[in-house]
Amino acid sequence: MHDLVRRIDSATPPGRDRALDALRAVAVLGVVLGHWLVTALITDSGTVRAASPLQHLPHLAPASWAFQTLAVFFLVGGYVGAQGLLSARARGTTYAQWLGARTARLFRPVAAVLVVWGVAAGTMLASGVGPDTVHTLLKLVLSPLWFLLVFAALTAATPLVVRLHPLWPLAVVLLVDLARFGLDGPARLGWINVAAGWLVPYCLGAAWARGSLRGRTTGWALLAGGATATTGLVLWGGYPASMVGVPGAAVSNLNPPTLAAVTFGLAQCGAAALLLGPLRRWLVRPAAWAAVALVNLSAMTVFLWHQTAMMAVTAIGLLAGEPLPGLHTRPDGPGWVWVRLAWLPVFAVALLVCLSAFRAYEQGRRASGGPTRIVRGRRATLPADVRHV
């Protein structure tokens, strides 16, 4: 382990901003932990369905604020996209080549998920598993793919985004919510916010790449303004307190994004900007940087397979012959939450198994020997999969 840490640290380019990788790792792991904590699979009249402790314990809704970290991912994505496009142009790389390289990293591991779960769904249906159960499982696995489609679309639009001020998509979100909730407009208008809502942090990231987000004053303004606006929208604007979807709720802040979700994302972006300095100082430590680099090397695999890992543990737990607390029981009390926390390390082990089986699809040719640097006579794999450009 010491040798691995040393080689990762030695192979990292000196000019790399390690704090960006740390923010991306936090964003991905926040989503994973959030899903593991708010998703339960229970059996109801022979059918497996998803349930959430937020349905039964609404006072836990503020806890969801710690795990809804997608805005940070889009912030870093906007920065990386803008910087990468600039570097590609400087090298003479065409837009099509740049976009193809970036989207390939996103969709190579998706193909593996679709094939595995296509076979699994067909096998379950052929063996007599009810279609409602199969639908529940497939929805948990495939629903995160919306995020990749939005991210890919924003990446493709980067040449336009770099010229767009974040206030423009924020104004669109405000007008859409005003039409939906204030003027009783059709609910389908909300789907405009799928693009406009996530465009706000992506534009902030692009502005950051242009040097417009420098200084702690901007970070404090985003944090304070976003937190104040979100609190006001929840307390007096009628928006849900939960920043993740709650089954059966009339309004979701996330599906599609609401103004409250976007202002909350602004607060997260401000906090991320304020953390850059401390993160850079902390990641000088080789062990800390190695942990961040290893998460980034398999970030998409972690994102795509974490629900499968949770479901595998849940299915294996059925071999016990009786419902296991925190795994198969209804999430209707604080005791469930505490027991669920104890299951998280088990889910993590199952996820490591998935990583060992499928990470090669994310890294492509690099998995068998990508860009390397010679470090003291030995070959050290450079974590190029998370390069900013």
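Numbering (this note's numbering), first residue to last: 391 to 779.
Note that beta-carbon positions come from the ideal geometry of N, C-alpha and C, so glycine has one too.
Values in this document were obtained by computation on a predicted structure and should not be read as measured data.
Taking 8 angstroms as the cut-off, the beta carbon of G660 is found no closer than this to the beta carbon of W588. Boundaries of the alpha helix (DSSP H) around T526: 521 to 532. Nearest to Q753 by C-alpha distance, out of R492, L568, R481, S517, is R492. Exclusion of the five residues before and after P646 leaves G580, W581, N583, V584 as the residues of its chain whose Cβ lies within less than 6 angstroms of its Cβ. Along the length of the stretch 716 to 760, whole alpha helix (DSSP H) runs at least 4 residues long occupy 724 to 753, reported in chain order. A501 and A441 have their C-alpha atoms roughly 28 angstroms apart. Comparing alpha carbon positions, the residue from S517, L560, G482, R414 closest to V652 is L560.
Only buried fits T691, as 16 or more other CB atoms lie within 10 angstroms of its CB. Note that the stretch 422 to 437 does not touch the stretch 613 to 628; fewer than 3 beta-carbon pairs, one per stretch, sit closer than 8 angstroms. For T437, the uninterrupted beta strand (DSSP E) run begins and ends at 437 to 441, by DSSP. Between F693 and P591, the CB-CB gap reaches or exceeds 8 angstroms.
Cβ-Cβ distances below 7 angstroms link N643 to Y629, P630, S632, M633, A650, A651 in the same chain, with the five nearest sequence neighbours on each side left out; the list follows chain order. According to DSSP, L431 shares a beta bridge with A440. Annotation note: the stretch 534 to 618 contains the following uninterrupted alpha helix (DSSP H) runs of length 4 or greater, listed N- to C-terminal: 535 to 546, 548 to 551, 557 to 567, 582 to 599. For H449, no alpha helix (DSSP H) segment is defined, and its DSSP state is neither H nor E.
Under the DSSP definition of a beta bridge, P646 lacks any partner.
Beyond the five residues adjoining it in sequence on each side, G707 comes within less than 8 angstroms, by CB distance, of L714, L717, H718 in the same chain, given in chain order.
With distances taken between CA atoms, L413 lies nearest to Q658 out of S454, S400, Q658, T484. Look at the beta carbons and you see the stretch 669 to 678 not touching the stretch 481 to 491: under three pairs across the two are nearer than 8 angstroms. For A417, the number of other beta carbons within 10 angstroms of its own is at least 16, and it is reported as buried.
Only residues of its own chain outside the window of five on either side were considered, and among them L612, G616 have a CB closer than 6 angstroms to the CB of L656, listed in chain order. Taking all protein chains in view, the Cβ of V505 is surrounded by fewer than 16 other Cβ atoms within 10 Å, so the residue is classified as exposed. Counting along the chain, the unbroken alpha helix (DSSP H) around V685 starts and ends at 676 to 687. DSSP places M391 outside any alpha helix (DSSP H), giving it a letter other than H or E.
Between the C-alpha atoms of T429 and Y469 there is a straight-line separation of about 31 angstroms.
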